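Each remark here refers to the structure printed beneath this line.
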Amino acid sequence: MRSRFSAWKIACAMLVCLVALFLGVSPALAQSASTGALAGTVTDPSGAVLVGANVAATNTGTGAARSTTTDANGAYKFSLLPPGEYRVKF
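In my numbering, the protein residues as written are 1 to 90.
Here you go:
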């Protein structure tokens, strides 16, 4: 009976350690693939949206650039951007 109790305690301790390890590692893995996005709407001075306007986003640290055009609502979006500072030009 004593050996069963000891084995039970060891199994419980191992389970607690595995759960603690899993909970500690999950947030670290989630943060390793951080990306960002830029989004907005291009309008003219009167406030009317501009359809088909060219928009460029350039990472000021690396010089990497992306471009897109605005949609029917004048909206643009750059997804999955690496972290950094960006200059946006219309």
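Virtual Cβ for every residue (Gly too), placed ideally from N, Cα, C.
All figures in this text were calculated on a predicted structure; none of them were measured in a lab.
Excluding sequence positions up to five before and after G61, its CB lies within less than 6 Å of the CB of G84, all in the same chain and listed in chain order.
Bridge pairing for V55: T68 [DSSP]. Taking 8 Å as the cut-off, the beta carbon of T35 is found no closer than this to the beta carbon of L50.
Inter-residue distance for A37 and F22 is about 29 Å (C-alpha atoms, whole angstroms). Straight across, the Cα-Cα distance linking N73 with A11 is about 60 Å.
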